[in-house]
Each structure stands twice: as structure tokens, then as C-alpha cells.
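Report on one structure; see the data block that follows.
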Amino acid sequence: MKKFKTICLTVIVFLLNLPSAIAGHLPPADCNVADVQLDSLQLLDGSPVVNVPPVNASECYGAFTGNNSLFTKPTNGNLGYDNDGWLNSESAFWSGPGAFVEEADLQDLDGIGGLNDPGWIYLGKDDGDGFKGETSSDGINSYTFIDDLLTMSNCLDKDDNNTACVGGDAVKGDWAWTPPATNPQDLLDLLGGLFFDQVAIIFKSGRQFAMYNFDIGDLGLDPVLAGDFNYAFTGTWDMSNTLGKHGLSNFTLWARDPTIETTEVPEPSVLALFSLLLLLVAFRQRKALAESGDLR
Numbered sequence: 001m002k003k004f005k006t007i008c009l010t011v012i013v014f015l016l017n018l019p020s021a022i023a024g025h026l027p028p029a030d031c032n033v034a035d036v037q038l039d040s041l042q043l044l045d046g047s048p049v050v051n052v053p054p055v056n057a058s059e060c061y062g063a064f065t066g067n068n069s070l071f072t073k074p075t076n077g078n079l080g081y082d083n084d085g086w087l088n089s090e091s092a093f094w095s096g097p098g099a100f101v102e103e104a105d106l107q108d109l110d111g112i113g114g115l116n117d118p119g120w121i122y123l124g125k126d127d128g129d130g131f132k133g134e135t136s137s138d139g140i141n142s143y144t145f146i147d148d149l150l151t152m153s154n155c156l157d158k159d160d161n162n163t164a165c166v167g168g169d170a171v172k173g174d175w176a177w178t179p180p181a182t183n184p185q186d187l188l189d190l191l192g193g194l195f196f197d198q199v200a201i202i203f204k205s206g207r208q209f210a211m212y213n214f215d216i217g218d219l220g221l222d223p224v225l226a227g228d229f230n231y232a233f234t235g236t237w238d239m240s241n242t243l244g245k246h247g248l249s250n251f252t253l254w255a256r257d258p259t260i261e262t263t264e265v266p267e268p269s270v271l272a273l274f275s276l277l278l279l280l281v282a283f284r285q286r287k288a289l290a291e292s293g294d295l296r
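Here full-length UniProt numbering is used: the sequence shown runs in plain steps of one and ends on residue 296.
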């Protein structure tokens, strides 16, 4: 009997420690805004790429344990309405009325009165077959976001070997946000003349996920207006600590649609301020050289 109890105790201890006993698999850790960084931008009017010191994500949530059933897709037009899609809902994973938004950020996007719409639009997902854009529609106008709007490259596994970025063993790599040079008329007809002020990426690895947000106000850039040129951005991502060295299985992309241009910019970090200062100096120098004809 004593031997049987010992065996049972051993089995129980093994089962309790099984998740961390799997080689290379660790429980989720607290996310860090430095997990995802921006390191270049380009105004898509033909301007050159401007490299900057790395700028961290504005905020992050997680890491959490869960699966894709949590990532509810919008079903009511995908226009940022209250409770339409996971990021537009209250959740145990964040304290506000939607992801990365507070009560003061709510808007009246559905036109029925009351400031209750978080504004998050689901742009698409990559689950191993490349990024596929999602569609938004108000019943009259519709727009499908372009494929490959957000792409991953130069991905490495936990041992720093090259690997497939999504659906393989990747724990880190590079990312690129590449929108159309200007917003298409279909998107103008659907959303009006003011465009995204925040972008959120959800990284999913195994049964764990973490969420990261870039607020354009923290970068010192205004939301793009109708007729303005968009910006392209590049950066890096590293989930090797936060998601316990699981390979990236998919990522989803969301953006927040503002109805009015904000006049109060959140206070950026010291690093963001320093990076922004260097960015603006470099950008203005290149612009001045281009205008004088001295840029080669």
C-alpha cells in the first residue's frame, strides 16, 4: 500500500508539472512593451525610409492562456460598434469598455446616440498562409483590407535558427506595415475622412497569446486625413520570453477608427520622445535636401 501511495504521489507531481516539463515550453510571462518595437517609417509620397532608434509599443496585455475562440470576429459590419467583436467588448483581460480604450475614448460610430463605441476594426489575420484582409461594410459601402498589410520576415526559433514566421517555430523576427500610398475611395466612403489612430496586434503561440498596441499620438503623428499619404512602418517582435518559446501559430490585426482628431496627446515615454526627436530631425533634413536637389 505504501508503494502504491508513493507511485500515485509521483504521478500527481508529474502531471502538475507537465506543462513546464515539455522541452522549451514555459508558462506565459508578463508582456513587455519592448517585445514589439518600431524602427523605421516612410511617408508614402516617394520619401525615403527614415530609420529611428527602436520605439516600444504603447501598451501591452498578457500573456494569457486561451485559444482562438476568444478572438471573436465582428458580425455587425466590422465598424467598431459596441460589443461587435472581441476588442469592442468588456473583458476579463482588460479594465476598460474595450481593448486599450477608456470611457473617455468612446465614440458614437453607429449614429444612434450615446458615446459607447470603442472603434476597433478587425483588419485581418495570418495563420500560416499569409495575411488575409477582412471586409467592413455598412450595408451600402464596403471595403476589404489588402492582403499582406502586415507581414513578418527574418524569423528565428528559440535557438536562433531560421524558420517559417507563422505556423512554424518562430519566436522572433521582423514586421512590416505596408498600406496603400493613399486610402482608396471605397474606404473613404465607408469611414469618412479620418483614419486609424491606434493599431493592435495579437500574437498567438500554442495556447497563449499577448496583445500589443501602438498609439499614433505617442509617435507624434496625426491621424491620416482624406487625401493624405499614409505611412509605412517596420519593426521587430520577440515573444521568446512572454510566450514561453512556443512558435507563433497566428497573429491578428486590428485598428481603431477615430471620428474626430484628438487634441490631447498622451504623454510619451522618455525613449519615445528621444526617438521622435531624432526621427523628425532626420526626416526634415532629408526633405530639405530633396527640395534643394542635393539628395542623392
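Note that the Cβ used here is the ideal one computed from N, Cα and C, for glycine as well.
Limits of the beta strand (DSSP E) - the one that residue i falls within
{"i": "residue 248", "result": "248–256"}
{"i": "residue 187", "result": "Looking at the DSSP string, residue 187 is not in any beta strand (DSSP E); the run it does join, the alpha helix (DSSP H), is 185–191."}
{"i": "residue 97", "result": "First-last for residue 97: undefined, no H or E at that position."}
{"i": "residue 219", "result": "Where residue 219 is concerned, there is no enclosing beta strand (DSSP E), given that its DSSP letter is neither H nor E."}
{"i": "residue 60", "result": "59–65"}
{"i": "residue 238", "result": "231–238"}
{"i": "residue 137", "result": "135–137"}
DSSP bridge partner residues for residue i (one or two, in chain order)
{"i": "residue 152", "result": "175"}
{"i": "residue 111", "result": "DSSP lists no partner for residue 111."}
{"i": "residue 357", "result": "Since the displayed the chain opens at 1 and closes at 296, residue 357 lies outside it and no answer follows."}
{"i": "residue 144", "result": "135"}
{"i": "residue 182", "result": "229"}
{"i": "residue 243", "result": "Paired residues: none, contrary to the question."}
{"i": "residue 117", "result": "107"}
Collapsed DSSP secondary structure at residue i in the structure displayed
{"i": "residue 103", "result": "helix"}
{"i": "residue 123", "result": "strand"}
{"i": "residue 162", "result": "strand"}
{"i": "residue 88", "result": "helix"}
{"i": "residue 70", "result": "helix"}
{"i": "residue 82", "result": "coil"}
{"i": "residue 52", "result": "strand"}
{"i": "residue 263", "result": "Any reading at residue 263 must be qualified, since the residue scores a pLDDT of 38, below 50, and its modelled position is unreliable; the value itself is stated next. Residue 263: coil per DSSP, three-state reduction."}
Whether residue i touches residue j by CB criterion (9 Å)
{"i": "residue 247", "j": "residue 157", "result": "yes"}
{"i": "residue 57", "j": "residue 42", "result": "no"}
{"i": "residue 243", "j": "residue 206", "result": "yes"}
{"i": "residue 323", "j": "residue 209", "result": "Residue 323 lies beyond the range of the chain shown here (1 to 296); nothing can be said about it."}
{"i": "residue 113", "j": "residue 103", "result": "no"}
{"i": "residue 142", "j": "residue 190", "result": "yes"}
{"i": "residue 155", "j": "residue 139", "result": "no"}
{"i": "residue 89", "j": "residue 82", "result": "yes"}
{"i": "residue 86", "j": "residue 109", "result": "no"}
{"i": "residue 181", "j": "residue 44", "result": "yes"}
{"i": "residue 196", "j": "residue 224", "result": "yes"}
{"i": "residue 116", "j": "residue 123", "result": "no"}
{"i": "residue 258", "j": "residue 119", "result": "yes"}
{"i": "residue 99", "j": "residue 34", "result": "no"}
Extent of the continuous alpha helix (DSSP H) to which residue i belongs
{"i": "residue 38", "result": "Unbroken run through residue 38 is the beta strand (DSSP E), 36–43; no alpha helix (DSSP H)."}
Below-9 Å beta-carbon distance, residue i vs any chain C residue
{"i": "residue 230", "result": "In the displayed structure, chain C is absent; only one protein chain is listed."}
When the options are compared against residue i, the one with the closest alpha-carbon
{"i": "residue 303", "options": "219, 177, 221", "result": "Any question about residue 303 goes unanswered here, given that the chain covers just 1 to 296."}
{"i": "residue 241", "options": "228, 226, 171", "result": "171"}
{"i": "residue 53", "options": "132, 81, 256, 234", "result": "234"}
{"i": "residue 136", "options": "49, 188, 55", "result": "188"}
{"i": "residue 134", "options": "225, 218, 73", "result": "73"}
{"i": "residue 131", "options": "153, 221, 85", "result": "153"}
{"i": "residue 65", "options": "40, 55, 47, 29", "result": "29"}
{"i": "residue 203", "options": "128, 182, 232, 141", "result": "128"}
{"i": "residue 101", "options": "34, 160, 213, 44", "result": "213"}
{"i": "residue 193", "options": "77, 199, 184", "result": "184"}
{"i": "residue 60", "options": "39, 224, 239, 162", "result": "239"}
{"i": "residue 121", "options": "105, 145, 115, 111", "result": "145"}
{"i": "residue 150", "options": "46, 31, 75, 232", "result": "232"}
{"i": "residue 245", "options": "216, 199, 179, 159", "result": "159"}
{"i": "residue 217", "options": "93, 211, 198", "result": "198"}
{"i": "residue 93", "options": "229, 163, 31, 222", "result": "31"}
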